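There are 2 protein chains.
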Amino acid sequence: MSQIYERVALIGLGLIASSMFWAMRRSGAAGHVTGYARSSETRDTARRIGLCDTVCGSATDAVKGADLVVLAVPVGVMGAVAAEIGPHLKPGATLTDVGSVKTRVIEDVSPHVPDNVHFVPAHPIAGTEHSGPESGFATLFDNRWCLIVPPNDTDSDAVQRLERFWRSLGSHVDVMDPEHHDLVLSVTSHCPHLIAYTMVGVADDLRRVTDSEVIKYSAAGFRDFTRIAASDPTMWRDVFLSNKDATLEILGRFTEELFALQRAIRRGDGDFLYDYFTHTRAIRRGIIEAGQDTDAPNFGRSR
Amino acid sequence: MSQIYERVALIGLGLIASSMFWAMRRSGAAGHVTGYARSSETRDTARRIGLCDTVCGSATDAVKGADLVVLAVPVGVMGAVAAEIGPHLKPGATLTDVGSVKTRVIEDVSPHVPDNVHFVPAHPIAGTEHSGPESGFATLFDNRWCLIVPPNDTDSDAVQRLERFWRSLGSHVDVMDPEHHDLVLSVTSHCPHLIAYTMVGVADDLRRVTDSEVIKYSAAGFRDFTRIAASDPTMWRDVFLSNKDATLEILGRFTEELFALQRAIRRGDGDFLYDYFTHTRAIRRGIIEAGQDTDAPNFGRSR
Chain A
7 MSQIYERVAL
17 IGLGLIASSM
27 FWAMRRSGAA
37 GHVTGYARSS
47 ETRDTARRIG
57 LCDTVCGSAT
67 DAVKGADLVV
77 LAVPVGVMGA
87 VAAEIGPHLK
97 PGATLTDVGS
107 VKTRVIEDVS
117 PHVPDNVHFV
127 PAHPIAGTEH
137 SGPESGFATL
147 FDNRWCLIVP
157 PNDTDSDAVQ
167 RLERFWRSLG
177 SHVDVMDPEH
187 HDLVLSVTSH
197 CPHLIAYTMV
207 GVADDLRRVT
217 DSEVIKYSAA
227 GFRDFTRIAA
237 SDPTMWRDVF
247 LSNKDATLEI
257 LGRFTEELFA
267 LQRAIRRGDG
277 DFLYDYFTHT
287 RAIRRGIIEA
297 GQDTDAPNFG
307 RSR
Chain B
7 MSQIYERVAL
17 IGLGLIASSM
27 FWAMRRSGAA
37 GHVTGYARSS
47 ETRDTARRIG
57 LCDTVCGSAT
67 DAVKGADLVV
77 LAVPVGVMGA
87 VAAEIGPHLK
97 PGATLTDVGS
107 VKTRVIEDVS
117 PHVPDNVHFV
127 PAHPIAGTEH
137 SGPESGFATL
147 FDNRWCLIVP
157 PNDTDSDAVQ
167 RLERFWRSLG
177 SHVDVMDPEH
187 HDLVLSVTSH
197 CPHLIAYTMV
207 GVADDLRRVT
217 DSEVIKYSAA
227 GFRDFTRIAA
237 SDPTMWRDVF
247 LSNKDATLEI
257 LGRFTEELFA
267 LQRAIRRGDG
277 DFLYDYFTHT
287 RAIRRGIIEA
297 GQDTDAPNFG
307 RSR
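In order, the protein sequences belong to chains A and B.
In the numbering used here, each number is its position in the first sequence, counted from 1, plus 6.
In the numbering used here, each number is its position in the second sequence, counted from 1, plus 6.
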């Protein structure tokens, strides 16, 4: 595949940025990739494992001359990083991000983007429970969706080029408006994470059931929750604080439904429960048919 | 491995019973295995795929002469099945079950067990989201725990023999009292299932987000919930109705915790969220170290 951006800068070197690097390496989408992470330990690790062609000592150094700059930091610090690098961006460059929340990131970043730079927010919907510079791998985005969320006045050539870039990393691409993005992701990602964290917290906190019992008998369903609840705490703190309205809206709907099921259990209404549980199977079938998960039992876990 | 029971009868031929059959076939724990399922379609399938040495036309036929009879039906019908087969059980035989709830099953089944039969309730903590006679496989119980939950006056030789049997199928074995079992499983299994069903129900029901959006963007966490929420509706309806008290207790704790997190989001209390999310990682580590799950990202899903 041909080169899409001559120079790419990755700001933040966690799971997503490191996976982007290996995917760019695989596709040849970038000529030269610079990288920067705030922690010197992360920068040392990156140098050791060959993550990025050049690991820079500052964000401003990393973005110098870059045709594409990727903000891959927790959404709570996107604005501060944009303020720092804004004056150093190359005229004509594209600035993008990979944040899980879009409205807030656009609000925070836009004021710092020079007129001659294209800001094209994006969100690759892919991840694992692991984090850090060593957690990335080239196939993370394969067959997953990347949502491009451009503000109204965004240059269409810049948008199309970024779409081409994400396709070259293995993704499908859709365009969505920021408010709708934040609602959809609240359903498919943010609230499931919060709920998983909560259930694991309950298990950990319950004096009448020991942690060792929870651990030994987790195969009955709970272990799937613990995988989600092992995700990066900083990233998720920022997601919930930045997508407050949609999160609270969906949590409200969730507790309403949970109370309905709880009431059915208390009243012994088996038909209500049976109908509810039958209905949810259809969504699973849809996900498997759309190639977004495996039908192998227990995800085909190796034993 | 040597034979543990000469004749075993499986009543109900779903995921657990069919996996037990293939595991017995692997270990040689049983001389001859009979099976019965209420639906003639299931019996036909069993005959076609060689599930059981003999598939019988009635439960009473299946249990005749059996040294071990396994009730592998939804917990809501255990009592009725026990009433039907009770008079036909061989003197000295062991009757066991594989239900996910124990207090209620013991209450329902015990009255129908003849004096000369040993009732030793058990619960293999293993499963997948698939159900039916074709979903079983020999390795389902390998390295998983089976809880033996014997009433106080149970013959200890019968208990030890059943423990040996479950070990021969690949399980570790623990003994636990029924009330504690029901509370522990409420945490590790029943409530996680109810919560997953609820979240999938919310997603399906939300008019502002389409099912196709939920399906396409599920990789962000939601798809793990849909796996759990694809489990057998009849089984789960019966579990919640039969383990009402523990379920409602744990759900109460869960909503309390959820409200605390919701309040922290509303108030913008990032420290509370960060501490909470950091804490839950430890449980995940414990599960992986105990060999109860894989550390491979996304469970090592094949793409």
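Idealized CB from N, CA, C, for every residue including glycine.
Nothing here was measured: the structure is a model prediction, and the numbers come from that model.
Is it buried or exposed for residue 34 (chain A), if we count other Cβ within 10 angstroms and need 16 for buried? For the purposes of this step, residue 34 (chain A) is taken as residue 28 along the first sequence, with counting starting at 1. Classification of residue 34 (chain A): exposed, given that the 10 Å Cβ count is below 16.
Among residues of its own chain, excluding the 5 on either side of residue 146 (chain B), which ones have a beta-carbon nearer than 6 Å to its beta-carbon? Looking up residue 146 (chain B) in the second sequence gives position 140. 25 and 132, listed in sequence order.
Which residues in the same chain have their Cβ closer than 6 Å to the Cβ of residue 293 (chain B), if we skip the five residues on either side of it in sequence? The count along the second sequence starts at 1 and reaches residue 293 (chain B) at position 287. Counting only Cβ-Cβ distances below 6 Å, and skipping sequence neighbours, we find 299.
7 Å Cβ cutoff met for residue 23 (chain A) and residue 86 (chain A): For the purposes of this step, residue 23 (chain A) is taken as residue 17 along the first sequence, with counting starting at 1. For the purposes of this step, residue 86 (chain A) is taken as residue 80 along the first sequence, with counting starting at 1. Going by C-beta atoms, residue 23 (chain A) is not nearer than 7 Å to residue 86 (chain A).
Can you look up residue 150 (chain B) in the DSSP assignment and give me helix, strand or coil? One-based indexing of the second sequence puts residue 150 (chain B) at position 144. In this structure, residue 150 (chain B) counts as coil in the three-state DSSP scheme.
Rounded to the nearest angstrom, what separates residue 290 (chain B) and residue 210 (chain A) at their Cα positions? The residue labelled residue 290 (chain B) in the question sits at position 284 within the second sequence. The residue labelled residue 210 (chain A) in the question sits at position 204 within the first sequence. Roughly 11 Å between the two C-alpha positions.
State the Cα-Cα distance for the pair residue 307 (chain A) and residue 53 (chain B), rounded to the nearest angstrom. Residue 307 (chain A) sits at position 301 when you count from the first residue of the first sequence. Residue 53 (chain B) sits at position 47 when you count from the first residue of the second sequence. Taking the straight line from one Cα to the other gives about 29 Å.
Supposed contact pair residue 256 (chain B) and residue 193 (chain B) - C-beta distance, whole angstroms, cut 8 Å: Sequence index remark: in the second sequence, residue 193 (chain B) carries index 187 (1-based). Sequence index remark: in the second sequence, residue 256 (chain B) carries index 250 (1-based). 6 Å between Cβ atoms; contact.
Under 7 Å, Cβ to Cβ, is there at least one residue of chain A near residue 96 (chain B)? As a working note, residue 96 (chain B) is residue 90 in the second sequence. By this cut-off, residue 96 (chain B) is not an interface position.
Short of 7 Å Cβ to Cβ, which residues in the segment 191-221 of chain B face chain A? 191, 193, 194, 195, 197, 198, 199, 200, 201, 203, 204, 205, 206, 207, 208, 209, 210, 212, 214, 215, 217, 219, 220 and 221
Beta-carbon separation (whole angstroms), residue 153 (chain A) vs residue 129 (chain A), contact threshold 8 Å: To locate residue 153 (chain A), count along the first sequence from 1; it is residue 147. To locate residue 129 (chain A), count along the first sequence from 1; it is residue 123. Right, the Cβ-Cβ distance comes to about 5 Å (below 8 Å), so this counts as a contact.
Neighbour-count burial assignment, residue 213 (chain A), 16 or more Cβ in a 10 Å radius: Your numbering for residue 213 (chain A) matches position 207 in the first sequence. When all chains shown are included, residue 213 (chain A) counts as exposed.
For residue 151 (chain A), go through chain B and note every residue whose CB falls closer than 8 Å to its CB, in chain order. Locating residue 151 (chain A) in the first sequence gives position 145, where the first residue counts as 1. The answer, in chain order, is 222, 223 and 225.
Relative to chain B, which residues along the segment 273-298 of chain A have a C-beta separation below 7 Å, given in chain order? 274, 276, 279, 280, 282, 283, 284, 285, 286, 287, 289, 290, 292, 293, 296 and 298
Quick one: does residue 259 (chain A) have its CB under 7 Å from some CB of chain C? Protein chains in the displayed structure are A and B, and chain C is not among them.
Just how far apart, CA to CA, sit residue 42 (chain B) and residue 304 (chain A)? On the second sequence, residue 42 (chain B) is found 36 positions in, with the first residue counted as 1. On the first sequence, residue 304 (chain A) is found 298 positions in, with the first residue counted as 1. Cα to Cα, the separation comes out at about 27 Å.
Since residue 5 (chain B) meets chain A, which of its residues come closer than 7 Å, beta carbon to beta carbon? The question about residue 5 (chain B) has no answer here: the residues shown for chain B are numbered 7 through 309.
Pick from B:179, B:137 and B:175: whose alpha carbon is nearest that of residue 236 (chain B)? The count along the second sequence starts at 1 and reaches residue 236 (chain B) at position 230. The shortest Cα separation from residue 236 (chain B) among B:179, B:137 and B:175 belongs to B:137.
Does DSSP put residue 143 (chain A) in a helix, in a strand, or in coil? Translated into positions along the first sequence, residue 143 (chain A) becomes position 137. It is coil, neither helix nor strand.
Is residue 108 (chain B) near residue 75 (chain B), with beta carbons less than 7 Å apart? Position 102 of the second sequence, counting from 1, holds the residue named residue 108 (chain B). Position 69 of the second sequence, counting from 1, holds the residue named residue 75 (chain B). In this structure, residue 75 (chain B) does not lie closer than 7 Å to residue 108 (chain B) by Cβ.
Residues within the segment 163-187 of chain A neighbouring chain B, beta-carbon criterion of under 7 Å: none
Going by DSSP, what residue range makes up the beta strand (DSSP E) through residue 286 (chain A)? Here residue 286 (chain A) corresponds to residue number 280 of the first sequence, with the count starting at 1. No beta strand (DSSP E) contains residue 286 (chain A), which is instead part of the alpha helix (DSSP H) from 276-295.
Would you call the segment 238-248 of chain A in contact with the segment 245-263 of chain B, where contact means no fewer than 3 C-beta pairs closer than 8 Å? no
When burial is assigned at 16 or more other CB atoms within 10 Å of the CB, is residue 309 (chain B) buried or exposed? As a working mapping, residue 309 (chain B) is identified with position 303 in the second sequence. Confidence at residue 309 (chain B) is low in this model, with a pLDDT of 45, below 50, so the placement of that residue is unreliable and no value is reported for it.
Euclidean distance between Cα positions of residue 254 (chain B) and residue 93 (chain B): One-based indexing of the second sequence puts residue 254 (chain B) at position 248. One-based indexing of the second sequence puts residue 93 (chain B) at position 87. So the two alpha carbons sit approximately 36 Å from each other.
Start and end residues, beta strand (DSSP E) containing residue 12 (chain B): Start at 1 with the first residue of the second sequence, and residue 12 (chain B) comes out as number 6. Element bounds for residue 12 (chain B): 11-17.
Grab me the residues of residue 2 (chain A)'s own chain with a C-beta within less than 7 Å of its C-beta, minus the 5 sequence neighbours each way, in chain order. Shown here, chain A extends from 7 to 309; a query on residue 2 (chain A) therefore has no answer.
Residue 97 (chain B) and residue 112 (chain B) - do their beta-carbons sit closer together than 7 Å? For the purposes of this step, residue 112 (chain B) is taken as residue 106 along the second sequence, with counting starting at 1. For the purposes of this step, residue 97 (chain B) is taken as residue 91 along the second sequence, with counting starting at 1. No. Outside cutoff.
Suppose the cutoff is 8 Å on Cβ atoms and the five residues either side in sequence are ignored; what does the same chain contact list for residue 9 (chain B) look like? Position 3 of the second sequence, counting from 1, holds the residue named residue 9 (chain B). Excluding sequence neighbours, residue 9 (chain B) sits near 34, 35, 36 and 37.
Taking the alpha carbon of residue 265 (chain A) as the reference point, which residue from B:230, B:258, B:39 and B:268 has its own alpha carbon closest? The count along the first sequence starts at 1 and reaches residue 265 (chain A) at position 259. Considering only alpha carbons, the answer is B:258.
Uninterrupted alpha helix (DSSP H) stretches inside the segment 43-102 of chain B (no shorter than 4 residues): 46-55, 65-69 and 84-91
Assign residue 166 (chain B) to buried or exposed, taking buried as 16 or more other Cβ atoms, counted over all protein chains shown, within 10 Å of its Cβ. On the second sequence, residue 166 (chain B) is found 160 positions in, with the first residue counted as 1. Exposed is the call here.
Anyone know if the C-beta pair for residue 139 (chain A) and residue 51 (chain A) falls short of 7 Å? Locating residue 139 (chain A) in the first sequence gives position 133, counting from the first residue. Locating residue 51 (chain A) in the first sequence gives position 45, counting from the first residue. Yes, these two residues count as a Cβ contact at 7 Å.
So, for residue 135 (chain A): in the same chain, excluding its five sequence neighbours on each side, which residues have a beta-carbon less than 6 Å away from its beta-carbon? Reading the first sequence from its first residue, position 129 is the one you call residue 135 (chain A). Taken in chain order, the residues that qualify are 233, 236 and 237.
Residues bridged to residue 129 (chain B) [DSSP beta-bridge criterion]: Position 123 of the second sequence, counting from 1, holds the residue named residue 129 (chain B). Answer by DSSP bridge pairing, in chain order: B:153.
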